[in-house]
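> Residues -23 to -1, 1 to 600 in mature numbering (1 follows the signal peptide of the UniProt record, and there is no 0) are what the sequence shown lists, from first letter to last. One structure follows; several queries about it will come next.
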Amino acid sequence: MVRLRFLLPLFALLLCVPSSAHAADKPNEQALYQDGPQGRYLLDGDWLFRKDDADQGINQRWMRTTSTAGWNTVKVPNVWNLGDASNESMAGGIGWYRKDFELPSADSALAWAFRFESVNYRTRVWLNGKPIGENTGAYIPFEIQAAGLKRKGTNRLVVRVDSKRLDRDFPPARTNADGVPSGGWWNYSGIQREVYLKKLDTVDFQRVQVRPEIDCGTCDATVRMNINLRNVTNRGQRVSITGKFGDRKVNLGTKSLGPKGIAAFSDSIRISNPKLWSPQTPNLYDVSFTVRVDGKKVAGYDLHSGVRSIKVSQGRLFLNGAPLNVRGMGLHEESKAAGFAIDNARREELVNLTREAGGTVLRTHYPFHPYTHELADRLGLLIWEEIPVYSVSTAVLKEPSVRRLAVHELERMIGANENHASVMLWSIGNELSSQPGPVQVAYIDSAVKFAKEMDPTRPVGLAVAAYPSSLCQATQYKSLDVIGFNNYFGWYPGPSGQIFDRTKLSGYLDAVRACYPDKALMVTEFGAEANRDGPIEEKGTWAFQQDWINYQMNVMNTKPWLSGVVYWALNEFWVRPGWEGGNPRPAAPIHQKGLVTYDGVKKPAFFDIQRWFKATNQFPPAG
């Protein structure tokens, strides 16, 4: 009995020790996409997760707990409200993730950082019990210096995620008249995209910009390369950067960086007879940069660059001097099995479905994952690149701080994706007020100005609701290069029934062309819900969707001045509780305008779109 009394407390103590199933991982050097800095280590495998409905984790010091009680094993990326269609799920909540790991190298000369590709929405991060950083916003990557690492032994990364949206967030929190949480897509909560441990050997890339410039389809090209480099040490360093663009060597120079200092490096080259990038011939140049300190390589960066020009002239979008008449798909990077925490196989599936349907353009309401951008670069797809400034009310947008935050989102998006040839333009938002006043104009003008200063090589656009009552906003939209019209004539009634009649579409499009003769115009959305068999005149049937699409395409094909048409959406997705979307027999929360069901089955209308898209000369010759 004496021995038993001794063993019982020992057994209880052992229960508090993390099990071997959650032993520390040593991450491998691996990334889910190619372009970027060398030395990225994927923090995959098992993580622990714990929901915090009562918001007690901070007070109970979950960032320092050693017990696994109450924590469940998950794979990251992860969304914790997958399959939960409740109001509470849409409204968001709080969850905690933690990961034990060992450093790939114990070299004391190295620094490290964590890179999060997307966390929704407010993120606080601890390392070994100490706070190291935080971030607000989803869909755009952020990095946090890994201060306080243990060179040897186990490190613990803890991430607190708060997905409850505010009306000043992007996209903003919204509720309907009954107080039910609303929004344009489901509020998937968690670490939506992968996490990396990034090696920093004395320096860190702050910005890498490779900007090909070409004035015509047969001209020589100039490639401008700009790199901002930060010294992560407390001592001064003499740093040099060299590289290659294709088979051309480049030298961005040598500079002194003070302790924790930042310096800008640049070079440019002229390329005769460049191999141009286009959807028909998506030629890419291999680009690499090497950073050396005292002759020793300390960092490298690799990417792929496409030489091409995209401009607006005489009311049309031109790619390499030839007009565009593109067709494409809006979509969400989502699956039934994973929500927004999808893998590269699903991204490939969505891109391949777009191509199978004859599409050459991708659009969504936030920046795509980097791998999707790389697929578009390699396969020859164009991207309408948009920040999630979605349906922000005038009352909120009037606050200067909100407008500044929106422009900051734009800055982060451009910085993350400017090197992708597939990005055709920067979109500063979707469906702001259809009657833009001084508040909207202040935002539009400031955002356009900023985008053009940061990247003068791409047009800037905005998607707006297509309502006849707000048909001509020439003064309000004067700073824009491209306007996208979200067209639901004959599906939704619209305010005062103004878009109830689909036969008014043709006249509306002619009127907006007359209003904006110098701007490139696209239809950025059109779509009808369908989830069943039934008569052609009944909304929500396969037959109605087919008939509606065929009518719309027939009208839009008579407008050769349109630079593009994008269907919304390729795939069904979760949108919000109580969603009906104009369908008299909806299946909330699923948005069913998709051409492919939530279970992955192509609807009959998929083949109608395919027929129209493939019959269109999307890249007519110049002249």
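Note that the Cβ used here is the ideal one computed from N, Cα and C, for glycine as well.
With DSSP collapsed to three states, give me the class of residue 342.
Reduced to three states, the DSSP call for residue 342 is coil.
> In the DSSP assignment, find the unbroken beta strand (DSSP E) run with residue 294 in it and report its ends.
Residue 294 -> beta strand (DSSP E) spans 293 to 296.
> Whose C-beta lies closer than 6 Å to the C-beta of residue 447 among residues of the same chain, with five residues either side of it excluded?
For residue 447, where only same-chain residues beyond five positions count, the Cβ hits under 6 Å are 411 and 412.
> Out of 372, 164 and 253, state which residue places its alpha-carbon closest to the alpha-carbon of residue 62.
Comparing Cα-Cα distances from residue 62 to each of 372, 164 and 253, the minimum goes to 164.
> Rounding to the nearest angstrom, what Cα-Cα distance links residue 251 and residue 558 in this structure?
The straight-line gap from Cα to Cα measures roughly 48 Å.
> Taking the alpha-carbon positions, what's the residue -9 to residue 48 distance?
Reliability of the predicted coordinates at residue -9 is poor, the pLDDT of 34 falling under 50, and no value is obtained from them.
> Determine the DSSP secondary structure at residue 385, reduced to helix, strand or coil.
Here residue 385 sits in helix by DSSP.
> Determine the DSSP secondary structure at residue 477, reduced to helix, strand or coil.
DSSP places residue 477 in coil when its eight states are reduced to three.
> Nearest to residue 546 by alpha carbon, out of 282, 348, 5 and 334?
Comparing Cα-Cα distances from residue 546 to each of 282, 348, 5 and 334, the minimum goes to 334.
> So, under 8 Å CB-CB, residue 148 and residue 367 are touching, yes? Tell me the CB distance rounded to an integer number of Å.
Indeed, because the Cβ distance is near 4 Å, the residues count as touching under 8 Å.
> With residue 244 and residue 306 assumed to form a contact (beta carbons below 8 Å), what rounded beta-carbon distance in angstroms separates them?
Not quite, the Cβ-Cβ distance comes to about 38 Å (not below 8 Å), so this is no contact.
> With a Cβ-Cβ cutoff of 9 Å, do residue 218 and residue 228 count as a contact?
Against a cut-off of 9 Å, the Cβ pair of residue 228 and residue 218 comes out as a contact.
> With a Cβ-Cβ cutoff of 9 Å, do residue 477 and residue 471 count as a contact?
Yes, the pair counts as a contact, with Cβ atoms nearer than the cut-off.
> CB residue 403 to CB residue 381, shorter than 9 Å?
Not closer than 9 Å, so no.
> In chain order, which continuous runs of the alpha helix (DSSP H) of length 4 or greater are located wholly inside the stretch 419 to 500?
Listed in chain order, they are 482 to 492.
> What do you reckon, are the CB atoms on residue 496 and residue 505 nearer than 9 Å?
Cβ distance not < 9 Å, so residue 496 and residue 505 don't count as in contact.
> Between which two residues does the alpha helix (DSSP H) holding residue 663 run?
The chain is shown from -23 up to 600; residue 663 falls before or after that span and cannot be answered.
> If you reduce the DSSP assignment to three classes, tell me which class residue 394 lands in.
Residue 394: helix per DSSP, three-state reduction.
> Who are residue 214's beta bridge partners in DSSP?
Answer is 234, bridged to residue 214.
> How should residue 127 be labelled, buried or exposed, when 16 other C-beta atoms within 10 angstroms of its C-beta is the threshold for buried?
Exposed is the call here.
> Please classify residue 584 as buried or exposed, where buried requires at least 16 other C-beta atoms within 10 Å of its C-beta.
Exposed.
> Run through DSSP, which three-state label would residue 350 get?
Helix.
> Taking DSSP as the reference, what is the three-state secondary structure of residue 21?
Three-state result, residue 21: coil.
> Could one say the Cβ of residue 591 lies closer than 9 Å to chain D's Cβ atoms, at least one of them?
Absent from the structure: chain D. Only one protein chain is present.
> May I ask which residues mark the beginning and end of the alpha helix (DSSP H) holding residue 587?
Where residue 587 is concerned, the enclosing alpha helix (DSSP H) stretches over 581 to 592.
> Taking the C-alpha atoms as reference points, what is the distance between residue 85 and residue 283?
About 39 Å.
> In its own chain, which residues sit with a C-beta less than 6 Å from the C-beta of residue 235, not counting the 5 before and 5 after it?
Answer for residue 235: 213, listed in chain order.
> With distance defined between alpha-carbon atoms, name the residue in 570, 303 and 52 nearest to residue 167.
Residue 167 has its Cα closest to that of 52, out of 570, 303 and 52.
> May I have the straight-line CA-CA distance separating residue 591 from residue 336, to the nearest angstrom?
Cα to Cα, residue 591 sits roughly 8 Å from residue 336.
> Beta-carbon separation of residue 104 and residue 74 under 9 Å?
Contact flag unset, no.
> Do residue 520 and residue 563 have their C-beta atoms closer together than 9 Å?
Cβ distance not < 9 Å, so residue 520 and residue 563 don't count as in contact.
> Excluding the 5 residues preceding and the 5 following residue 574 in the sequence, name in chain order all residues of the same chain whose CB lies nearer than 7 Å to its CB.
Cβ neighbours of residue 574 beyond the five flanking positions: 549 and 580.
> Excluding the 5 residues flanking residue 110 on each side, which residues of the same chain have their C-beta closer than 6 Å to its C-beta?
Excluding positions up to five away in sequence, the list reads 102 and 121.
> Is the CB-CB distance between residue 349 and residue 275 below 9 Å?
Not in contact: residue 349 and residue 275 (Cβ atoms no closer than 9 Å).
> Are the stretch 137 to 154 and the stretch 253 to 262 touching, with three or more C-beta to C-beta distances below 8 Å?
These segments do not touch.
> Cutting at 6 Å between CB atoms, please list the residues of its own chain near residue 397, excluding the five before and the five after it.
Contacts found: 350 and 354.
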